[in-house]
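Quick note, the sequence shown lines up with residues 7 to 67 if you use my numbering.
Step one of this worksheet: look at the structure below.
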Amino acid sequence: MATEKKTVKVKLVRSPIGTKADHRATVRGLGLRKLNSVSEIEDTPATRGMINKIDYLVQVL
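If you want it as structure tokens, here you go:
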């Protein structure tokens with residue numbers, strides 16, 4: 007029986023302009039480019055940590 011991988015959708019709701027360089031890199035690492043872009047990524051502790059790091063820029067759907 008194949009296990010279904012859990013995913014989480016993340017939407018960029020604030021501009022990363024003016025933020026720290028590592029926060030901008032985290033936004034790109036999550037696959038987000040422009041405002042209101044949505045990325046569906048695998049729900050792992052690593053990606054949860056990335057989301058928590060830039061929680062003021064993104065919205066979890």
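Note that the Cβ used here is the ideal one computed from N, Cα and C, for glycine as well.
On a predicted model such as this, the values are computed, not experimentally measured, just so you know.
My output table needs one value for residue i: the three-state DSSP class, helix, strand or coil.
i     : result
THR50 : coil
LYS17 : strand
Going by DSSP, what residue range makes up the alpha helix (DSSP H) through residue i?
i     : result
VAL33 : 27-35
Is the separation between the beta-carbon of residue i and that of residue j shorter than 8 Å?
i     : j     : result
ILE47 : VAL14 : yes
VAL19 : LEU63 : yes
List the DSSP bridge partners of residue i.
i     : result
SER45 : VAL16
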